[in-house]
Every structure is written in structure tokens, then in C-alpha cells.
Amino acid sequence: MSFKKSHILILSRSQIILVIYIFTALIILYRYFFLQIVDNEKYKIQAGNNSLRKIVLYPPRGIIYDRNFIPLVDNKPLYEIKIIPEDLDRTNFNYSLLYRHTGILKNSIDSVLHRSRKILGGQFKPMLLKRYIDFDTKAILEESKLDLKGLYFTELPARVYTSACNLSHTLGYLRQVDQYSIESYDYHSDDIIGFSGVEKFYEKKLKGIHGFDLFLVDRLGVIQSKYEPEENYSPIQGEDIVLSIDSKIQEFIEDLFINENGSIILMDPSNGEVISLLSSPYYNLDSFVGPIPINAWNQLVKDKNKPFTNRVTQQTYPPGSIFKLLLSAIALEKNIIPTDWKVECNGIYQFHDTAFRCWNAEGHGEIGLLDAIKSSCNIYFYNLMQKIDFSDWSHEVNKFGFGSMTGIDLPQEKTGLVPDKAYMNRAYKNSGGWSKGHLLNLSIGQGEVSVTPIQIIQLINLIVNDGQAFYPHVNLNQNTEKINIAYKADVWNFLKKSMYAAVNYNEGTAYNARISSDLGSVFGKTGTAQVCSNCDILPHGWFAGFIELKDGRTYSICILIENGGKGSDKPSKIASKIFNYISEMKDV
Ligand SMILES: [Zn+2]
């Protein structure tokens, strides 16, 4: 009985396999019929056995300009070397000449010939030898045409970087199209595709539309002549994009930031335009011929300095004392304290069994809010944080755009983190829970909170415009919406006054960022964000602020130097240099 049962089972299994086989074969046959016969039928020509072969023509991508129409990324032609086996004169072919200029070995040619023999009519078909050779190499090889009979070239558009600035994180790089994009979108296997930055974000605009040439081929696949259809099938170049970036300012800023890891963003706070965006270290876009080769890409991905990471949008940091501005705004808006509320700072603040310190070990003495921002007193803000409901703090901080993307038109933006009660409950579930002591760290931008530099400059833009700011963008013609924080006018005025004091008054932590008052007024706040406690690693240094020029123009800035020490030092000094430079420029 049991034998019979298993016998039936075996039979039904083999039947299932048979059905799968037949089904698969039917699908393959159908696909073959559709591709080889039906598709060809479309182009079938009256003339006997001739049919049409379609050769795809690749469109040049759109050009990317800076705000003054200086081209940043243009196109240059690159070439593929192909070989038609039938035309190759193997006895007189100058293999060493070809190797010298292209690195193509005789072996590679032999294996291409070998492959062609397995294809129907393969000896008449152009077979690919090498991609992405430049114009000069092509010109040299063409001069020796008679020694290289059987070689020919087809053109592929590629990028050329025409400005003196680097801008690699804004512009982005290109890669050979992946299988997913070929299957999901309208791409061909030789296409290149934007893989980061503007090239990726605006891929649809930039890529253009393929064209094709039609050739009459005989039944062996030999091209007889070009076929001229009535319709025009030329490729259509992609749309151009004008960025809000000023390449001159960008170049100046890049020269200031040598051998540092970090970022600088300069914006026009009145409209959300990003004037300059630097993320360091960067990589050299011009070092690749054609799309970035996979081995070079792998090396950059593995680099511990993360040159591919856009540190403005894709890297999160503790905001440090910059967050004191935010706590002040919330406290004033919610009438938690009057502006003349004072705290005694003697350098140490004992909270239960933990000693919290001011950066100034001697203490600031009795201090009010304006001076606490100006001198960046920690102990003032430890005290203030305890007067605010934690849920209110989280809610208000989120309103300013922290914890979510700013929506800048660059790919893969990070959100950072604004902790709330639920988060803290989860984070400290296995370590005895959390207490108010943990919140004191948040008041000075340490602890669980993390932000991106683009979120910090958005905070500055909101302060400049009394609570209204356009979301940041790098495409000059991209209209963005406004973020709106309906705080009282007094709140914004007080913040501005404090930031002015931090830059322009003695003992202001941002004193190094000041410029001559003949040129304009600088407002700012520094931050020095510890990356570990009781360790020798230098903290990250922040400067965030803005300048009001005499002619009415305003620019906001955010500078972050990873492990750059105090924000009052290098970041503030760089801010001053940039403000001076901008004030000398007539217009941006
Ligand atoms: Zn203090």
C-alpha cells in the first residue's frame, strides 16, 4: 500500500517537471517568435531577403551651468573600438601598434574572433573590442588605418568637467547602467546613468532621448546601405540645468578648505538658493574616462574617509552649542523665562550624582540669556532645559525641520535624529531607563540628538527671515515651498541680537568670524561637539551664521570641521574669510 502511494507521488512529480519544461519552452518560443519574427516584420523591406538593422544612437546629456551660465559639466565624445572579422587582415594587422595605444592584446582580438564564429553571420558583424577611448587615441589609430584594417569606431557621449572648481558632491558621477535600470526603464546596455548628485536627482531631465540609424542588411547580416526613413530618428540631447551655485565663490571656498574633513554651505536665505556647497574629502570627477570604472568605484567606497559621502546632506553630527539657539527660541516663545532670567555659573553643575561642566572651568558667574548665547555657557542651558517639558522640546525641534529631510534636490539625504520620550524609552530599555539627567546633554546639542549641516543652515535661514524660509535647492529654477515657524517677532530679534553679540563683542565665542563694520554685519553661533567623553579625539567644530552686507544682500553659512577643535577657532576664521570675499564681490 505504502509502495503504491510513493509510486503515485513520483509519477506526479515527474509530471509536474514535464509541465514546467513545456511551459518554459513555450515561453521561450513565444519570445523568440516575437523578437525575431514579429519585430523584424515591422522593418521588412520589399527588396528580397534584405531586412533593417537598428543601431542605437546615444543622446548627449544636458549641460549643467552655474548661476552665471558658466558651464560646469559639458559633453565630449568618447569612442568604442569595434572589429569586423571579415575585414580583418590578420597577416598584415599591426597588433603592437594597437596594443601601444589602447592596451588591447592580440589574445583579446583572437577571443573576439572566436566568439564571432559562434554567431550566425558573425564574421560580418561589428564586435566590441574596447569602450571609452578618447578622441586623441582614435585620431592616432585612424592615421594608421591601413595597418589596422577591420577596426572601426562608434561614438559615445561622455562628460567633461569644464570649471576650475571640483563640486563632485553636487554634480555627482555617472556609472554604466545597471541591469535593473535596463529592465525597468528605457535604457540600453551601453548607456551611462547619473549615480549621485544632480546627475542622479535630475537624471530624467538630463538624459535625453535615444535615436537610431537604420541599415539595410542582407540575410548574412552584412550591411548593404543606410536606410533613410521618413521620420527623423536623431538622438535628442537632454535638458540643460542651471544651478544656483556660483563657481567663483565655490573655487574660493575649496581653496580655503585643504586637508580638512567636513563641509561648508553658503546660501541665499531669501530664496533657498545654495550658492556654494563643499564636502571634503572629495573625489576628482575628471579622473575617469567615461563612467566611473567599477574597481575605482570600489576603492572609493572602501576609503575610510568616505569621499563619496556628501557631508552636507548625508552625514549626521551632534549639533553642539548651535542647539542653544533653538532651546532659547522655544523658551522665549513659550514664555518659560523672561529674557532677563539669570543663572549662576561656577563651572560645574551638580545634578544628583553627576557633575555637568561648563566649557569655561572657572565659570561665567551670574549670567543672562543674551550673554549665555554670546559666551555659550553650558550651565545656563542645563538649568533652562529643566523648565521645559521634554515632549514640547521634541515637538518644537521637529518643527524646525530637524529629524526630517529638508528636501534639497540632491539624492539620499539623511534625516538625523530628534529623540522623544518613546525613543528614549526604547534606547534605555535595557540599561535601567533614562532620567532628566540625559536631557541636560540635549540642551547643549550632545547626547542622542544628531543633525545634518543642511538642517543647521535651514535653522539659520529661519532666524534671518523671522521664521520663514524656502527649502534649500541647487537647481536655480526649482521652486521650493516655505517652512513657516510662527514664533513672535521678539524671539527672532532676540536671537539675532545674541548672535551679533557672539561675533562682535568681547568674549563672544564667534569673535573670529567678525569683519570690518564698513563691509557689513556678521551674526553667528559656534559649536564644539564632543565625539566621545574622556577621550583624546578632537571635537567637531561648527560655525553657523549670516552676514548682512551694506547693500542689503544677506548670506547664510554653515561650516563644520570634523575633529577640527573648537568652533571659535578654525570654523569662525574661515567664516570671516568667506564673508570678506563675498563683501568684495559686486554681485552674486
Ligand atoms: Zn558657563
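Per the numbering used here: the sequence shown = residues 668 to 1255.
Every residue gets a Cβ at the ideal spot worked out from N, C-alpha and C, and that includes glycine.
On a predicted model such as this, the values are computed, not experimentally measured, just so you know.
DSSP-derived helix/strand/coil call for residue i
| i | result |
| --- | --- |
| Pro1120 | helix |
| Ile1228 | strand |
| Arg782 | helix |
| Leu755 | coil |
| Lys973 | coil |
| Asp1056 | coil |
| Ser946 | strand |
| Gly721 | A small correction: the amino acid at residue 721 is Lys; Gly does not occupy that position in the sequence shown. Reduced to three states, the DSSP call for Lys721 is strand. |
| Phe1069 | coil |
| Leu1126 | helix |
| Ser1235 | coil |
| Glu1063 | helix |
| Ile903 | strand |
| Tyr1248 | helix |
| Glu1115 | coil |
| Ala981 | Inspection of the sequence shows that residue 981 is occupied by Gln rather than by Ala. Here Gln981 sits in coil by DSSP. |
| Ser892 | strand |
| Tyr688 | helix |
| Leu772 | coil |
Rounded separation between residue i and residue j - CA only
| i | j | result |
| --- | --- | --- |
| Glu1029 | Gly861 | 54 Å |
| Leu780 | Pro752 | 6 Å |
| Leu1036 | Phe990 | 14 Å |
| Glu810 | Leu910 | 41 Å |
| Ser995 | Gly987 | 14 Å |
| Val827 | Met1252 | 28 Å |
| Val1118 | Tyr732 | 30 Å |
| Cys1044 | Phe1210 | 16 Å |
| Leu654 | Gly864 | An answer regarding residue 654 cannot be provided, because it is not within the stretch 668 to 1255 covered by the chain. |
| Tyr1178 | Asp1133 | 24 Å |
| Asn643 | Leu923 | Look at the range of the chain in this structure, 668 to 1255, and you will see that residue 643 is not part of it. |
| Leu764 | Thr976 | 42 Å |
| Met1166 | Ile1214 | 11 Å |
| Leu795 | Gly729 | 27 Å |
| Ile849 | Gln843 | 11 Å |
| Ile1121 | Leu739 | 23 Å |
| Tyr819 | Lys797 | 11 Å |
| Ile748 | Glu870 | 27 Å |
| Ile908 | Leu967 | 27 Å |
| Gly1194 | Lys1237 | 12 Å |
| Ala1022 | Leu945 | 38 Å |
| Asp706 | Tyr688 | Bear in mind that the predicted position of Asp706 carries a pLDDT of just 47, short of 50, making it too unreliable to give a figure here. |
| Asn1144 | Glu897 | 37 Å |
Where the alpha helix (DSSP H) through residue i begins and ends
| i | result |
| --- | --- |
| Val968 | 961-969 |
| Met934 | Note, Met934: premise wrong, no alpha helix (DSSP H); beta strand (DSSP E) at 929-935. |
| Tyr762 | 762-769 |
| Asp1087 | It is not in any alpha helix (DSSP H) - Asp1087 carries neither H nor E in the DSSP assignment. |
| Gly1104 | 1103-1110 |
| Glu870 | 870-873 |
beta-carbon residue i near ligand 1 non-hydrogen atom, thresh 7 Å
| i | result |
| --- | --- |
| Cys1044 | yes |
| Gly1112 | no |
| Asn1173 | no |
| Gly987 | no |
| His1019 | no |
| Asn1230 | no |
| Gly1277 | The first residue shown for the chain is 668 and the last is 1255, placing residue 1277 beyond what the model contains. |
| Cys1012 | yes |
Residue range of the beta strand (DSSP E) that includes residue i
| i | result |
| --- | --- |
| Thr1195 | 1187-1196 |
| Ala1211 | 1207-1216 |
| Gly1032 | 1032-1034 |
| Lys749 | 738-750 |
| Asp922 | Not the beta strand (DSSP E): Asp922 falls in the alpha helix (DSSP H), residues 914-923. |
| Leu881 | 878-884 |
Residue-chain proximity (residue i, chain C), Cβ-Cβ < 8 Å
| i | result |
| --- | --- |
| Gln904 | As a matter of chain content, chain C is missing from the structure shown, which is built from one protein chain. |
Cβ-heavy atom distance, residue i to ligand 3, below 7 Å
| i | result |
| --- | --- |
| Asn1027 | Inclusion of ligand 3 in the displayed structure is not the case, the ligand content consisting of ligand 1 alone. |
### Sequence ranges, alpha helix (DSSP H) only - wholly within the segment 795-867, length at least 4
802-810, 835-838, 846-851
### Message
For a minimum of 3 consecutive residues, which ranges assigned as the beta strand (DSSP E) are wholly contained in the segment 1133-1204?
### Response
1135-1137, 1149-1151, 1187-1196
### Query
At what residue ranges does the segment 991-1055 contain a whole run of the beta strand (DSSP E), taking only runs of 3 or more?
1010-1012, 1015-1018, 1021-1024, 1032-1034
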